[in-house]
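Q: Residue numbers are given in the numbering used here: position 96 of the sequence shown equals residue 96, and the series is strictly consecutive.
Can you read through this structure? Questions will come right after.
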Amino acid sequence: MKRVDYSLYLVLDPDLCGGLDGMVDTARRAVAGGVTLVQLRASAWKKRRWLDAAVALKALLAPLGVPLIVNDHVDVAMLADADGVHLGQADLPVAKARRLLGTDKIIGLSVSNTAQLTEVDGADYLGVGPVYPTRTKKDAAPVLGVEAFSRITAAASLPVVAIGGIDADNCAPLIAAGAHGVAVVSAICGHDDPRAAAERLREGVQEADVRRRETDENRSVVQCSSPSVTDP
Ligand code: TZP
């Protein structure tokens with residue numbers, strides 16, 4: 001498994017950030033606030049602009065050690081030497097993308113129900129959502145809610161990143177449910193202070209992660225100290 005920090009994943013939206021320059025500026029400030037992974041997602045754009053944006057983002061992020069993921073477009077990712085792609089269910093199959101990208105690049109796959117977990121082989125992580133209502137993706141699958149999200153995460157064999165309507169106040173149950181991180185668009189893009197917005201999210205995720213580890217430790221202490229059914 002690749003060592004990728006999925007904890008705070010920024011998905012850039014040019015409409016909310018103010019175009020290409022706004023996306024680069026948002027990414028720079030958000031990374032200073034703790035974003036660990038950045039995705040370029042510009043659904044309405046033509047490929048030439050995708051490439052320009054991917055090249056500019058790669059130049060920003062590579063020296064900072066933050067991976068750049070390109071949504072949907074494997075060719076753009078390859079040309080910009082991005083660190084990976086994020087694929088939807090209607091995009092290239094993971095195995096075909098892997099053939100083009102090679103083993104070192106990161107491949108993410110969107111999943112919105114447990115049935116889709118049967119075809120995730122070759123992916124590095126899953127983007128599971130929308131967990132909460134979102135206004136950012138118009139054609140999003142039905143909202144999962146925390147319970148359905150937890151079921152998918154429990155059944156998944158890959159790291160899960162939660163997405164959809166997530167902010168600093170509602171991220172904790174998703175980390176408690178086993179998410180490796182949260183992906184956000186509007187909780188950072190378009191904010192006056194993307195760095196402060198990222199810092200709030202990072203705190204929320206970190207606190208929830210500490211609580212989850214404590215809960216896991218308590219569980220294992222209880223399991224070790226309670227007599228086994230086979231003890232005399
Ligand atoms: N996929 C599922 S929901 C979503 C995507 C790309 C949009 C998430 O945006 P926001 O603003 O964080 O709700």
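Virtual Cβ for every residue (Gly too), placed ideally from N, Cα, C.
Work out the CA separation of residue 202 and residue 34 for me, nearest whole Å.
A: Walking along the sequence shown from the start, residue 34 turns up at place 34. Walking along the sequence shown from the start, residue 202 turns up at place 202. C-alpha separation (whole angstroms): 6 Å.
Q: For residue 31, which residues from the same chain have a beta carbon less than 6 Å from its beta carbon, with the 5 sequence-adjacent residues on both sides left out?
A: Here residue 31 refers to the residue found at position 31 when the sequence shown is read from its first residue. Excluding positions up to five away in sequence, the list reads 64 and 66.
Q: Report, in whole angstroms, the separation of the C-beta atoms of residue 163 and residue 128, which I expect to be a contact under 8 Å.
A: To locate residue 163, count along the sequence shown from 1; it is residue 163. To locate residue 128, count along the sequence shown from 1; it is residue 128. Contact between residue 163 and residue 128 holds: their C-beta atoms lie close to 7 Å from each other, under 8 Å.
Q: Residue 99 to residue 144, Cα distance in whole Å?
A: For this step, residue 99 is matched to residue 99 along the sequence shown. For this step, residue 144 is matched to residue 144 along the sequence shown. When rounded, the distance between both Cα atoms is 32 Å.
Q: For the candidate residues 28, 47, 92 and 182, whose alpha-carbon lies nearest to that of residue 169?
A: Residue numbering aside, residue 169 sits at position 169 when the sequence shown is read from its first letter. Put simply, of 28, 47, 92 and 182 the residue whose alpha carbon is nearest the alpha carbon of residue 169 is 182.
Q: Examine the Cβ distances between the segment 77–85 and the segment 49–61 and report whether three or more of them are shorter than 8 Å.
A: yes
Q: Which of the three DSSP states is assigned to residue 43 in this structure?
A: Locating residue 43 in the sequence shown gives position 43, where the first residue counts as 1. The answer is coil: DSSP assigns residue 43 none of H, G, I, E or B.
Q: Quick check on the DSSP output: what are the complete alpha helix (DSSP H) runs of length 4 or more inside the segment 43–111, in order along the chain?
A: Listed in chain order, they are 47–61, 74–79 and 94–101.
Q: For residue 43 and residue 207, what's the separation of their Cα atoms in angstroms?
A: By 1-based counting over the sequence shown, the position of residue 43 is 43. By 1-based counting over the sequence shown, the position of residue 207 is 207. If I take the Cα positions, the gap works out to 33 Å.
Q: Going by CA-CA distance only, name the one from 2, 123, 151 and 200 that's closest to residue 96.
A: What you label residue 96 is simply residue 96 of the sequence shown in a count that begins at 1. Checked all of 2, 123, 151 and 200; the closest Cα to residue 96 is 123.
Q: Quick one: grab the DSSP three-state call for residue 143.
A: In the sequence shown, residue 143 corresponds to position 143, counting from 1. Correct three-state label for residue 143: coil.
Q: With distances taken between CB atoms, is the gap from residue 10 to residue 52 smaller than 9 Å?
A: Against the sequence shown, residue 10 aligns to sequence position 10. Against the sequence shown, residue 52 aligns to sequence position 52. No; because the gap between Cβ atoms is not below 9 Å, this pair is not in contact.
Q: How long is the line joining the alpha carbons of residue 5 and residue 222, rounded to whole angstroms?
A: Counted from its first residue, the sequence shown places residue 5 at position 5. Counted from its first residue, the sequence shown places residue 222 at position 222. Answer to the nearest angstrom: the Cα atoms are 30 Å apart.
Q: Please state the DSSP three-state secondary structure of residue 175.
A: The residue given as residue 175 occupies position 175 in the sequence shown. Reduced to three states, the DSSP call for residue 175 is helix.
Q: Nearest to residue 86 by alpha carbon, out of 93, 76, 72 and 92?
A: Translated into the one-based positions of the sequence shown, residue 86 becomes position 86. Nearest of 93, 76, 72 and 92 to residue 86, Cα basis: 72.
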